[in-house]
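Here the sequence shown is numbered in this note's numbering, starting from 600 and rising by one per residue.
I have placed the structure first, in the form of structure tokens, so that the comments after it can refer back to it.
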Amino acid sequence: MQFGLDIAQQRVPWAEVASRARFAEELGFAGVWGFDHFQPMYGEGPGECFEGNTTLAALSGLTERVRLGLLVTGMTYRHPAVFAAEAITIDHASGGRLELSYGAAWFGDEHEQLGIPFPATKDRLDAFEEAVQIVRGLLTTDGFTFEGKHFQVRDATLRPRPVQQPHPPIWIGASGEKRMMPIAARYADVWHCFGPTNELAGKSERISAHAEAAGRDPASIRRAASLSIEADLDGVAREVEQWEAAGFDYLVCGWPAEGRGLIEEFVGRVLA
């Protein structure tokens, strides 16, 4: 089992964001995770909130080993060709430590407030499936062309190629069983979902079925979920065992309200 730490880059100054990333690396976490939003997700009123991809680019120069990702990058915020170029840059800046996460986005209020188009669900999911193919194509192919309803690229080449070959691991955050999970089964290297173990174990079985239908080996798709460490740590340890038994091998730990002391205790008792 690998563990990542969500450093919660909101309502804290930049120095704290950087410090949390170095703290996670020093403790032995496999990954440092942020989110892809422009405004705080909780609390009242405005507050510090740092953009996701530029945060990863900055953290690539402040860390040496830990892998870097967002849960998850929202398709609606950037044209997929722009996102692919950003991913290549972060992958090089970090020496090949990017986890390339992608999702269809969901936070409608943020889009409305900032003037970012937020299509209806069907159109957004259709656009996301196109975007995943474009990103992967641009990371791997010269003269790449894609003609979709929502996005088009023509004879496009991005250089340099990513450090990680053929491309950084593509995480797809997906919980919807009609559209998003089949998309993840077709294109993801890692499927991530939020929810309790018993619920996601069933979803994992359905991911496997979708993968087989798409001609993929279900074992080629890693399973990842999120873990709260704010309960008693004995209970957390039992939950980790349950995740392992369900076939999940990566857990992203939320930053607890208790702060660094609880994280250090978790590392000593569970992660070590």
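Note that CB positions come from ideal geometry on N, CA and C, so glycine has one too.
Of the listed residues the options, nearest to residue i (C-alpha basis)
i	options	result
ALA614	GLU647, ILE862, LEU737 and LEU870	GLU647
GLY890	LEU757, ALA704 and ILE771	The structure shown does not extend to residue 890, since the chain is modelled only from 600 to 871, so the question has no answer here.
ALA686	ARG837, GLU804, LEU626 and GLY651	GLY651
PRO767	ASN797, LEU738 and GLY794	LEU738
ALA623	GLU776, PRO612 and ILE862	ILE862
ALA775	GLU864, LYS802 and PRO759	Looking at the sequence provided, one finds Gly at residue 775 rather than Ala. The shortest Cα separation from GLY775 among GLU864, LYS802 and PRO759 belongs to LYS802.
VAL752	PHE847, GLY860, VAL665 and ALA680	ALA680
HIS678	GLU838, ILE715, GLN608 and ASP605	ILE715
ASP833	ALA784, GLU864 and ALA719	GLU864
GLN841	GLN712, GLU857, LEU799 and PRO765	LEU799
ALA684	ALA824, ALA836, ARG859 and ARG760	ARG760
Extent of the continuous alpha helix (DSSP H) to which residue i belongs
i	result
ILE606	Neither: ILE606 is in no alpha helix (DSSP H) and is coded neither H nor E.
THR739	720-739
ARG805	796-812
VAL631	Per DSSP, VAL631 belongs to no alpha helix (DSSP H); it is in the beta strand (DSSP E), 630-633.
GLY860	859-865
LEU626	613-626
GLU709	707-713
Spatial neighbours of residue i in its chain, beta-carbon cut-off 7 Å, leaving aside the 5 residues before and after
i	result
PHE602	PHE628, ALA629, LEU850, CYS852 and LEU870
ASP635	GLY651, LEU669, VAL671, THR672, GLY673 and TYR676
GLY747	GLU729
PHE682	THR672 and VAL734
Residue i, buried or exposed, once every other Cβ within 10 Å from all chains shown has been counted against 16
i	result
ALA787	buried
THR672	buried
GLU625	exposed
HIS809	buried
ASP754	exposed
MET779	buried
PRO781	buried
ALA704	buried
GLU804	exposed
For residue i, the three-state DSSP class (helix, strand or coil)
i	result
GLU663	coil
SER693	coil
VAL851	strand
ARG785	helix
THR672	coil
ALA703	coil
GLY772	strand
Close Cβ partners of residue i (< 8 Å) along its chain, the five nearest in sequence each way excluded
i	result
GLN763	ASP690, GLY695 and LEU697
GLY660	ALA692
GLU843	MET600
GLY814	none
PRO855	SER827, ILE828, GLU829, LEU861 and ILE862
Where the beta strand (DSSP E) through residue i begins and ends
i	result
GLU843	Note, GLU843: premise wrong, no beta strand (DSSP E); alpha helix (DSSP H) at 832-844.
VAL789	789-791
ARG753	751-755
LEU826	821-826
PHE743	743-746
Chain D within 8 Å of residue i, Cβ atoms only
i	result
VAL869	In summary, chain D is missing from the structure at hand, where a single protein chain is found.
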